[in-house]
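*Asks:* I am attaching a structure below and will ask some questions about it afterwards.
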Amino acid sequence: MDKPIYLIDLGIKVVVTHLEIGGEKIPTPVGLSELLEPAWVIPTEEMLEERKKLNQEIEAKYECSTYKNEKGRWVTCYTKKK
0 MDKPIYLIDL
10 GIKVVVTHLE
20 IGGEKIPTPV
30 GLSELLEPAW
40 VIPTEEMLEE
50 RKKLNQEIEA
60 KYECSTYKNE
70 KGRWVTCYTK
80 KK
């Protein structure tokens, strides 16, 4: 397996300026960029294939819906298909 290349090792800093959920821009929680910093990676082909396979398995078993709840917060819900 090829070793992934982490952006932080290349001196690249990623800053998340906002989140977009349901077409609405939401301010980024404080510290999110720093929390995610060690996870930013240039994926290997093997990682991409594993991710694709996992996404296909999830889509086959679950139905995904995103909505705004009564408190005005965006919620993503996965419901098992029958």
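Quick note: the sequence shown, position 40, residue 39 per numbering that gives the first Met the number 0, numbers continuous. All residues carry an ideal CB built from backbone N, CA and C; glycine is no exception.
#1: Which residues bound the beta strand (DSSP E) around lysine 24?
#2: What's the C-alpha gap between alanine 59 and threonine 65?
#3: Looking at the unbroken beta strand (DSSP E) that takes in isoleucine 57, where does it start and where does it end?
#4: Quick check on isoleucine 11: does DSSP put it in helix, strand or coil?
#5: In its own chain, which residues sit with a C-beta less than 6 angstroms from the C-beta of asparagine 68, not counting the 5 before and 5 after it?
#6: Distance check for glutamate 56 and glutamate 44, CA to CA, integer angstroms please.
#7: What are the start and end residues of the beta strand (DSSP E) that includes glutamate 19?
*Replies:* Looking at the atomic coordinates:
#1: 23-26 is the span of the beta strand (DSSP E), which, as asked, contains lysine 24.
#2: Rounded to whole angstroms, alanine 59 to threonine 65 spans 18 angstroms at the Cα level.
#3: In the DSSP annotation of this structure, isoleucine 57 is not part of any beta strand (DSSP E); the continuous alpha helix (DSSP H) holding it starts and ends at 44-60.
#4: In the three-state scheme derived from DSSP, where H, G and I count as helix and E and B as strand, isoleucine 11 is classed as coil.
#5: Excluding its 5 nearest sequence neighbours in each direction, asparagine 68 has C-beta neighbours in its own chain below 6 angstroms: Val74, listed in chain order.
#6: Rounded to whole angstroms, glutamate 44 to glutamate 56 spans 19 angstroms at the Cα level.
#7: 17-20 is the span of the beta strand (DSSP E), which, as asked, contains glutamate 19.
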